[in-house]
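S.K.: Just so you know, we're using our numbering here: the first sequence kicks off at 131 and counts up by one.
Starting off with a structure, shown below.
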Amino acid sequence: MKIVTWNVNSIRARLENIADWLRTHHPDVVLLQETKCQNHDFPLEAIEDCGYNVAVHGQKSYNGVAILSKYRIEDVINGLPPFTDDDQARYIEGVTNGVRVASVYVPNGNTVGSEKYHYKLKFLDHLHDHLKATLLYEEAFIIGGDYNIAPTDDDVNDPAGWHEKILCSTPERKSLRAILNLGYSDAIRIHHQGKGPYTWWDYRSGSWQKDDGLRIDLLLLSPQAVDRLAGSGVDRDPRGLEKASDHAPTWCTLL
DNA sequence: ATGGTAGACGATCTA
């Protein structure tokens with residue numbers, strides 16, 4: 131069972147790229163972030179034609195998350211419990227093919243110390259509490275998403291340039307580590323040590339051409355999911371295409 | 001160069 135997380139930076143602007151990728155790789159589950167449209171504007175039929183059921187939690191212009199699955203998607207939760215009335219659409223959870231999955235779009239935070247930064251840290255606290263509670267179910271649970279945090283300097287091509295900047299500041303990294311310390315595992319780091327792989331390259335300054343990337347898109351696995359983990363990786367290829375998202379799809383496979 | 005590029009949306013905001 132292959133599960134993917136991908137920040138697509140607008141589902142409508144990326145529809146051709148995404149549909150091509152789905153038809154080539156046919157993953158079982160795809161956790162999308164930054165769909166950037168209201169539910170009634172989501173290109174439902176085009177995705178269904180690729181062979182997927184869809185659960186969406188969108189809003190106008192910004193954010194927006196979705197779950198695509200070849201299997202039925204049940205027990206869907208829109209919004210991060212218990213703050214499911216948050217006006218920013220950043221979390222969706224459901225159960226598919228016996229696996230609990232979630233797609234999370236953690237706030238970017240703008241700059242360290244800003245109002246948006248404090249909102250980011252608060253969101254991470256809420257995420258921590260929800261993932262702590264859900265761990266008690268003792269299920270295979272995978273939380274894929276754009277965490278907007280590079281866990282360590284190994285996840286950054288240019289750590290000096292990003293030192294204590296947004297995505298790399300110590301408080302953000304501590305918040306992420308607190309979630310991992312609950313008992314969740316960063317799937318990529320089970321199979322890949324050392325520098326990289328990266329998942330995001332800024333559109334600006336030729337970051338892609340210089341491979342000046344960061345690994346901020348993660349798949350966090352409950353112990354029961356790790357028991358079934360077979361492999362993981364990042365598919366860099368879509369980042370090099372015309373009309374690419376600035377993020378690459380990150381995947382793992384379960385036995 | 002407090003720059004650079006992309007998307008939504010229709011002037012800026014977000015990333």
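Glycine included, every Cβ here is placed at the ideal spot set by N, Cα and C.
Predicted, not measured: the structure shown is a model, and the values here were computed from it.
Going by C-alpha distance, which of K373, S305 and R366 is nearest W381?
M.R.: Residue R366 is the option with its Cα nearest to W381.
S.K.: What's the C-alpha gap between G228 and D283?
M.R.: Roughly 35 angstroms separates the two Cα atoms.
S.K.: What residue does the beta strand (DSSP E) around K132 start on, and which one ends it?
M.R.: Here the beta strand (DSSP E) through K132 covers K132 to N137.
S.K.: Sort G336, V364 and R334 by Cα distance to I346 and report the nearest one.
M.R.: Per the Cα distances, V364.
S.K.: Contact between the region 367-378 and the region 317-332: three or more CB pairs below 8 angstroms?
M.R.: Enough Cβ pairs lie closer than 8 angstroms, so yes.
S.K.: Measure the beta-carbon distance from D205 to G224 and round it to whole angstroms, keeping in mind my assumption that it falls under 8 angstroms.
M.R.: About 6 angstroms separates the two Cβ atoms, so the contact holds.
S.K.: T226 and G194: beta carbons closer than 7 angstroms?
M.R.: Contact: no.
S.K.: Which whole-angstrom value is the C-beta distance of T135 and L349, which I expect to be below 8 angstroms?
M.R.: Going by Cβ atoms, the distance from T135 to L349 rounds to 6 angstroms, so yes, they are a contact pair.
S.K.: Count the CB pairs spanning the region 289-296 and the region 237-244 that are closer than 8 angstroms, and state whether there are at least three.
M.R.: Yes, the region 289-296 touches the region 237-244.
S.K.: State the Cα-Cα distance for the pair V236 and S305, rounded to the nearest angstrom.
M.R.: Roughly 12 angstroms separates the two Cα atoms.
S.K.: In the structure shown, what three-state DSSP assignment does E372 receive?
M.R.: If DSSP states are grouped into helix, strand and coil, E372 belongs with coil.
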